[in-house]
Every structure is written in C-alpha cells, then in structure tokens.
Amino acid sequence: MTDVRKAAGLPPHASEAADARTRLKKAARDLEAVFVNELFKAMRATAPSQGILTQDSGQEVFTGMLDEHLSQIEAERADSTLSRALYRQLSRRLPDPEPVQGAP
163 MTDVRKAAGL
173 PPHASEAADA
183 RTRLKKAARD
193 LEAVFVNELF
203 KAMRATAPSQ
213 GILTQDSGQE
223 VFTGMLDEHL
233 SQIEAERADS
243 TLSRALYRQL
253 SRRLPDPEPV
263 QGAP
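Position 99, counted from 1, in the sequence shown is what the numbering used here calls 261; the numbers after and before it change by one each time, with no gaps.
Here it is in structure tokens:
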C-alpha cells in the first residue's frame with residue numbers, strides 16, 4: 163500500500179494519516195459492536211428465564227457467543243450513525259494529510 167502512495171506522489175506522512183483514519187474507523191465500528199452486544203445482554207436479561215424451555219449453562223454461553231457475533235456483523239454491515247458520530251468526533255484530533263506537491 164505504501165508503494166502505491168509513493169507512486170501517487172504522496173509524502174510518507176500522508177500515508178500515516180490515512181492509516182490513522184482507517185484504524186479510527188475500525189475502532190469506532192468495534193466500539194459500536196461492544197455497545198450493541200451490551201444491548202443484546204440487557205435485552206436477554208429482561209426476558210423471563212423460567213418457562214417452557216429452561217436454559218443450562220452451555221446454552222447461556224452459546225447465546226452470549228451468538229450475540230457477540232451478531233453485534234460484530236451488525237456493526238460492520240450497517241454504516242450506523244453511532245460509528246459515524248464517533249469517527250467524526252474523534253477524527254478532529256487526527257492530522258490532516260498534506261496535499262501533494264504541485265497540486266492546486
């Protein structure tokens with residue numbers, strides 16, 4: 163990827179700034195996934211545990227893993243307002259990539 167940026171005439175620090183923005187986008191999506199997972203946990207906690215079917219500990223572990231996986235998929239699939247808002251707020255502290263020399 164760095165070779166492509168060098169070929170495009172971008173200075174090395176521009177690629178670092180772009181990498182920082184990419185990492186920030188991923189971090190915002192990951193934080194959203196954690197948030198959605200906590201929502202799933204809260205939702206399941208409100209459902210009655212007694213009923214026709216009872217859950218054993220293995221089923222609870224599987225359900226937790228399923229919720230974690232679904233929350234990760236949802237955060238990656240949907241370009242939600244939460245991850246966009248986090249990125250927009252936090253990206254203000256990132257350095258701007260400098261323009262290419264000779265560009266207007």
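We put the beta carbon where it would ideally sit given N, CA and C, even for glycine. Because the structure is a prediction, the values reported are computed rather than measured.
Can you grab the Cα-Cα spacing for the pair residue i / residue j, in whole Å?
| i | j | result |
| --- | --- | --- |
| Leu252 | Thr208 | 33 angstroms |
| Leu232 | Leu193 | 14 angstroms |
| Glu222 | Tyr249 | 33 angstroms |
| Phe197 | Ser177 | 30 angstroms |
| Lys188 | Asp218 | 35 angstroms |
| Arg206 | Arg255 | 37 angstroms |
| Glu200 | Pro257 | 32 angstroms |
| Ala247 | Phe202 | 21 angstroms |
| Pro210 | Gly220 | 18 angstroms |
Taking the continuous alpha helix (DSSP H) assigned at residue i, which residues delimit it?
| i | result |
| --- | --- |
| Arg254 | Segment: none, Arg254 is in no alpha helix (DSSP H) and carries neither H nor E. |
| Asp229 | Ser219 to Arg239 |
For residue i, I'd like the list of residues in its chain whose CB is within less than 8 angstroms of its CB, leaving aside the five on either flank, ordered along the chain.
| i | result |
| --- | --- |
| Arg191 | Ala237, Glu238 and Ser245 |
| Leu186 | Tyr249, Leu252, Ser253 and Leu256 |
Measuring CB to CB, does residue i end up less than 7 angstroms from residue j?
| i | j | result |
| --- | --- | --- |
| Gln234 | Ala182 | no |
Apart from the five residues on each side of it in sequence, which residues of its chain come closer than 7 angstroms, Cβ to Cβ, to residue i?
| i | result |
| --- | --- |
| Thr243 | none |
| Glu230 | Asn199 |
| Met227 | none |
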